[in-house]
Amino acid sequence: MNDYLVIVESPAKAKTIKRYLGPKYQVKASMGHVRDLPKSQMGIDVSDHYKPRYITIRGKGQVLKDLKSAAKKAKKVYLAADPDREGEAIAWHLAHSLDIDDHSDCRVVFNEITKPAIKDAFKNPRKINMDLVDAQQARRVLDRLVGYNISPLLWKKVKKGLSAGRVQSVALRLIIERENEVKAFKPEEYWSITGLFHVGEETFSAEFYGLDGKKHALKNKNDVDEVLSRLQSDQFLVQNVQKKERLRFPVLPFITSSLQQEAARKLNFRARKTMMIAQQLYEGIELGKQGNTGLITYMRTDSTRISDVAKSEAKQYILENYGDNYLGKKPLKQKKGENVQDAHEGIRPTSVLRQPKDIKEYLSRDQLRLYKLIWERFVASQMAPAVLDTVRADLVQSGVTFRATGSKIKFQGFMKVYIEGSDDAKSSDTEAAKENYLPELSDGMTARKENTNPKQHFTQPPPRYTEASLVRKMEEIGIGRPSTYAPTIDTIQRRNYVTMDTKRFVPTELGEIVLKLIVEFFPEIINIDFTAQMETSLDEVEEGKKDWIAIIDSFYKGFSERLSKAESEMESVTIKDEPSGIICEKCGHEMVYKIGRFGKFLACSNFPECRNTKPILKKTGVTCPKCGKGEVVERRSKKSRIFYGCDRYPECDFVSWDKPIQRECPKCGSYLVEKKNKSGKTVQCPKCDYKEEMK
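Residues 1 to 695 in the UniProt record's numbering are what the sequence shown spells out, letter by letter.
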């Protein structure tokens with residue numbers, strides 16, 4: 001018989017923890033929550049202090065039965081769910097279901113699944129923190145009151161399957177407001193002049209800066225002609241040469257939001273995928289003889305704090321692998337803000353000595369890529385700043401000034417390991433580190449102009465949000481928390497309030513209709529300041545500073561009044577089906593575009609008499625390489641991943657993840673496909689090793 005029972009959320013976590021506990025410990029998984037509010041009804045008794053009514057989650061009966069049986073045989077039960085509000089709530093629900101005194105020392109928490117952390121956690125068990133539980137309950141009750149009251153109203157007035165929530169409504173508002181900015185934007189013309197110059201045998205470029213010592217904007221072609229007309233020769237005088245040494249400091253270790261942003265930029269991961277893989281790395285991966293091993297610290301955090309033990313290990317690694325001059329001498333300034341909880345460390349590898357290349361064989365491709373990103377970011381954060389030599393010089397003639405700027409990496413420092421990505425599509429890691437070469441310049445020198453290249457430009461509208469930039473915006477304005485970013489983004493996509501166009505959010509007509517109704521009848525729901533303040537209030541519940549029932553009550557009184565008004569005054573909205581111009585082959589009526597669970601599809605307008613439906617196919621103009629009769633079309637999988645197949649399916653089952661092109665392989669005669677990579681596109685043969693760069 002086992003003396004002790006330990007309950008965690010997942011089998012992977014159970015397997016990892018079991019390695020560090022002796023034979024007296026049995027470790028079982030609850031498979032997440034065991035109790036929750038009922039799905040079929042609100043489950044909140046508003047008249048009784050907003051008391052939630054919890055029930056056993058469907059399908060968890062057998063899990064609970066097994067846990068109860070094991071708990072009866074154990075001398076003591078430890079609840080080891082994740083170290084956050086959600087984990088605390090899971091532990092509290094388990095204590096209630098298993099008749100465990102939640103005032104007893106039954107709760108163990110750890111930020112990383114390593115032997116020292118696990119041993120220390122079990123030496124210092126504590127009682128369940130009801131402030132954390134209440135904060136989770138408050139969010140759950142608040143979201144239930146909003147969702148289960150507004151959603152049925154939207155079903156009745158607009159269409160079934162819609163939902164509204166505090167955070168998701170604000171996220172939708174941000175996307176729609178940005179779209180309105182894009183539509184209202186009026187481009188303005190401006191020009192630039194790039195000059196190519198020589199000093200001796202060396203060539204370099206400089207940009208037009210100004211006239212008569214002052215910065216001057218080029219608004220049109222006449223301004224350009226005026227500048228060029230003032231030039232009387234090709235000789236320019238070098239002036240105001242400034243040479244400086246600039247330090248570039250490393251970035252702090254990842255927090256949840258920055259991890260999601262960087263994974264989107266560098267790995268093309270959706271926020272949900274990033275968190276799923278990070279959870280796997282945290283809970284543990286089978287590393288051969290080492291067994292199940294937790295590879296990273298807890299991934300839901302808004303703190304950049306790092307333990308002294310981890311810093312010491314990183315210091316030793318950097319000294320041994322790069323040398324003393326690469327070691328950061330001063331600690332980086334930690335991220336501090338009004339909403340930072342600092343309950344956990346930043347996201348880092350559990351051991352910096354576990355290099356990505358050493359465990360490559362045990363990880364999936366995506367696990368390795370994310371682990372490598374986390375490992376490199378952490379190591380770089382403990383390294384010395386990079387040193388750049390910067391040069392700026394003015395090239396002057398007849399009052400016309402061109403300015404040349406350049407930088408040269410003098411010492412790589414942290415850049416030897418990692419460089420942060422950018423949301424700017426034109427930026428890349430290689431460009432960030434690239435040297436912009438200038439020859440040796442000094443005041444009084446003469447530079448010879450070879451040519452000038454004027455270019456017309458137009459100002460661009462603000463970019464639509466990507467997942468990364470939306471998460472950053474949500475974090476900036478204080479809506480949502482580390483655990484909510486990914487679910488929020490996932491929800492507004494599943495509800496078809498937004499679509500993705502070249503990895504950027506575009507609101508749908510449905511999304512705009514829903515937001516308009518919420519703005520009219522529930523303005524506080526989409527008020528950014530209100531939502532941010534509510535998040536702060538929930539944090540204060542967690543810290544024991546506020547009563548959760550009082551917070552809910554202050555919100556619900558005004559909300560219930562607005563709800564009554566909306567039920568009587570909100571008019572029904574009909575979303576007209578969009579004609580497609582395609583004739584139904586079964587009955588001859590025109591087909592229309594409809595929105596379903598997986599996005600838009602074609603349906604017969606003669607419904608319900610005709611129930612013909614089919615997916616929307618984007619033609620590529622390429623003949624099917626398998627049957628030679630059909631055309632290759634673009635399709636989407638259930639997970640919205642694009643693939644290519646024959647439009648004669650199911651008669652022809654040709655499929656390809658890569659886009660085929662209308663050319664044969666010169667080497668083996670098979671079809672060719674386009675492949676994308678960081679450096680651009682290539683044309684490859686899926687049957688042999690033929691490959692070429694796309695022009």
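All C-beta atoms, glycine included, are put in the ideal place defined by N, C-alpha and C.
Relative to the Cα of Cys587, the nearest Cα in the group Thr613, Ile595, Ser572, Leu563 belongs to Thr613.
Straight-line measurement puts the Cα of Asp443 at about 53 Å from the Cα of Met299. Sequence-distant partners of Pro523 (beyond 5 residues in either direction) whose C-beta falls short of 7 Å from its own C-beta are missing from its chain.
The DSSP-derived three-state label of Thr623 is strand.
Straight-line spacing of the CA atoms in Tyr148 and Met474 works out to 24 Å. Annotation: the continuous beta strand (DSSP E) that includes Ala447 extends over 446–458. DSSP places Ala468 within a helical segment (H, G or I) once states are collapsed to three. The beta-bridge partner set that DSSP reports for His198 consists of Thr203, Arg448. DSSP places Gly630 in the coil class of the three-state scheme, outside both helix and strand. In this structure, Thr16 lies away from Ile90, with their beta-carbon atoms at least 8 Å apart. In the DSSP assignment, Met500 forms a beta bridge with Phe505. Straight-line measurement puts the Cα of Gln316 at about 11 Å from the Cα of Val309. Assignment of Val519 by DSSP, reduced to helix, strand and coil, places it in the helix class.
Close CB contacts of Ile44 within its chain, under the 7 Å cut and outside five residues either way in sequence, are with Tyr50, Pro52, Val141, Arg144, Leu145 (chain order).
Counting only the Cα atoms, Gln260 lies some 14 Å from Arg348.
Taking a cut-off of 8 Å for Cβ pairs, the region 217–228 and the region 192–208 touch, as three or more such pairs fall below it. Scanning its chain for C-beta atoms nearer than 8 Å, with the 5 sequence neighbours on each side dropped, one finds around Ser233 the residues Gln397, in chain order.
Counting the other Cβ atoms within 10 Å of the Cβ of Ser169 gives 16 or more, which makes it buried. Taking the C-beta atoms as reference points, Ser469 is found no nearer than 8 Å to Asp84. Considering only Leu98, Gln41, Lys667, Ser229, the residue with the shortest C-alpha distance to Thr452 is Ser229. Taken through DSSP and simplified to helix, strand or coil, Pro650 comes out as coil.
Beta-bridge partners of Trp191 (DSSP): Gln456.
Around the beta carbon of Leu538, 16 or more other beta carbons sit within 10 angstroms, so the residue counts as buried. Bounds of the alpha helix (DSSP H) holding Lys315 are 308–321. For the pair Gln456 and Leu231, the Cα-to-Cα distance works out to about 20 Å. With respect to the C-alpha of Glu609, the residue from Pro152, Cys584, Pro625 having the closest C-alpha is Cys584.
Counting every other CB atom within 10 Å of its CB across the protein chains shown gives Asp82 a total of 16 or more, marking it as buried. Between Val158 and Val498, the C-beta spacing is not below 8 Å. It is roughly 40 Å from the alpha-carbon of Arg19 to the alpha-carbon of Asp547. In this structure the region 172–184 touches the region 504–518; the number of beta carbon pairs closer than 8 Å is three or more. Here Ile552 has Tyr50, Ala138, Val141, Leu142, Leu145 as same chain residues with Cβ atoms under 8 Å from its own Cβ, once five neighbours each way along the sequence are excluded. Nearest neighbour of Phe204 by Cα position, chosen from Pro439, Glu467, Gly544, turns out to be Pro439.
About 46 Å separates the CB atoms of Leu395 and Ala314; that is not less than 8 Å, and the two are not in contact. For Pro660, DSSP records a beta bridge to Val673.
Here Asn129 is not near Glu86, since their CB atoms are 8 Å or more apart. Following the DSSP letters along the chain, one finds Asn180 inside the alpha helix (DSSP H) bounded by residues 166–184.
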